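*Asks:* Counting in our numbering, the sequence shown runs from 160 upward without gaps. The structure follows.
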Amino acid sequence: MSQAPEAGRGATVTPMRVVIALCLIAPFVAMLWVGSYAKTDPAFIGIPFFYWYQMAWVLISTVLTMIAYKLWQRDQRSRSAAKGGASE
Numbered sequence: 160m161s162q163a164p165e166a167g168r169g170a171t172v173t174p175m176r177v178v179i180a181l182c183l184i185a186p187f188v189a190m191l192w193v194g195s196y197a198k199t200d201p202a203f204i205g206i207p208f209f210y211w212y213q214m215a216w217v218l219i220s221t222v223l224t225m226i227a228y229k230l231w232q233r234d235q236r237s238r239s240a241a242k243g244g245a246s247e
C-alpha cells in the first residue's frame, strides 16, 4: 500500500495565496464578462466606453500582476524561512 502524503507537504491554501489568485483572476473575469462593458456611454475624451474600459484593464492588470508577484515572493521567503528555522 502507498502512504498518504504528509500534511506539511504540497500546496496549502493560505490567505496570501487566495489574494494572489484573486489578483490574477480578476482581469480574466472583467474581460470575459463582455455584457458589463459592451456599450458606448460614458465616453471618455471622445473614446467610447467599450474601448477605454479595455485599455484601463491593461494598466489594472499590470498593477495586479505586480502585486501578485510581490506577494508570491514574500510567501516564498516566509516559507523558506519557516522551513530553514524548523530544520535547524
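By construction, the Cβ of each residue, glycine as well, lies at the ideal position given by its N, Cα and C atoms. Please read all numbers here as calculations on a predicted model, not as lab measurements.
Identify whether I204 lies in helix, strand or coil by the three-state DSSP scheme.
*Replies:* Along the sequence shown, one-based indexing puts residue 204 at 45. Residue state, collapsed to three classes: coil.
*Asks:* Under three-state DSSP, which class holds A170?
*Replies:* Sequence index remark: in the sequence shown, residue 170 carries index 11 (1-based). In this structure, A170 counts as coil in the three-state DSSP scheme.
*Asks:* Of the residues Q213, F187, V188 and A185, which one's Cα is nearest the Cα of K198?
*Replies:* Here residue 198 refers to the residue found at position 39 of the sequence shown. Ranking Q213, F187, V188 and A185 by Cα distance to K198 puts Q213 first.
*Asks:* Using the rule of at least 16 other Cβ atoms within 10 Å of the residue's Cβ for burial, across every protein chain shown, is I287 buried or exposed?
*Replies:* Coverage of the chain is limited to positions 160 through 247, which leaves residue 287 absent and any answer about it impossible.
*Asks:* Compare the C-alpha of G194 against each of L181, A202 and F208 and name the closest.
*Replies:* Counting from 1 along the sequence shown, the entry for residue 194 is found at position 35. Looking at the Cα atoms, F208 is the closest of the given residues.
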